[in-house]
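Take a look at the structure:
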């Protein structure tokens, strides 16, 4: 009983429910055009090209990658899993080149992609 009274005293003193008596908060939209550095643009264009091949359909892209095992498909899956649309995935890719945080720079990400592609090419030649 005592704990209940102390808890109620705390709630009465520190917790409130106020309804704001204000009108709608005004908002403004500002567009800023940004030119991506070459390395970041290359990473972005890889995703854009893949999504265009899937007709910018994120659901179709998710399904196509569930059965594939390649490096590119794993990265595409990572981007699309948390996105509601292909456009959202592109925006995320444009905002940050490596969503997993494994690379320190876009150039490092490009180098990893290059090394992976080279290894895949070498495996095909053998």
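In the working numbering, the protein residues as written are 525 to 650. Virtual Cβ for every residue (Gly too), placed ideally from N, Cα, C.
Short Cβ contact (8 Å threshold) for residue 613 with residue 571 = Taking the chain shown and counting its residues from 1, the one referred to as residue 613 is at position 89. Taking the chain shown and counting its residues from 1, the one referred to as residue 571 is at position 47. Contact flag set, yes.
Going by the beta-carbon positions, is the gap between residue 630 and residue 567 smaller than 8 Å?
-> Against the chain shown, residue 630 aligns to sequence position 106. Against the chain shown, residue 567 aligns to sequence position 43. Against a cut-off of 8 Å, the Cβ pair of residue 567 and residue 630 comes out as a contact.
Would DSSP call residue 647 helix, strand or coil?
-> Walking along the chain shown from the start, residue 647 turns up at place 123. The answer is helix: DSSP assigns residue 647 an H, G or I state.
How long is the line joining the alpha carbons of residue 634 and residue 554, rounded to whole angstroms?
-> Working through the chain shown from its first residue, we reach residue 634 at position 110. Working through the chain shown from its first residue, we reach residue 554 at position 30. Going from the Cα of residue 634 to the Cα of residue 554 covers about 31 Å.
Pair within 8 Å by beta-carbon distance, residue 610 and residue 575 | Within the chain shown, the letter at position 86 stands for residue 610. Within the chain shown, the letter at position 51 stands for residue 575. Their beta carbons are under 8 Å apart, which means residue 610 touches residue 575 by this criterion.
The alpha helix (DSSP H) spanning residue 616 covers which residue range?
-> Position 92 of the chain shown, counted from the start, is the residue given in the question as residue 616. Where residue 616 is concerned, the enclosing alpha helix (DSSP H) starts and stops at 610 to 619.
Check residue 568 in the structure and name its three-state DSSP category.
-> Taking the chain shown and counting its residues from 1, the one referred to as residue 568 is at position 44. Reduced to three states, the DSSP call for residue 568 is helix.
Which residue from 646, 639, 644, 615 puts its Cα closest to that of residue 564?
-> The residue you call residue 564 lines up with position 40 of the chain shown. The shortest C-alpha separation from residue 564 is found at 615.
Use the C-beta contact count for residue 526: other C-beta atoms within 10 angstroms, 16 or more gives buried, fewer gives exposed.
-> As a working mapping, residue 526 is identified with position 2 in the chain shown. Of the residues assessed, residue 526 falls on the exposed side of the cut-off, its CB having fewer than 16 other CB atoms within 10 angstroms.
Can you give the Cα-Cα distance for residue 642 and residue 557, rounded to whole angstroms?
-> Position 118 of the chain shown, counting from 1, holds the residue named residue 642. Position 33 of the chain shown, counting from 1, holds the residue named residue 557. Roughly 34 Å between the two C-alpha positions.
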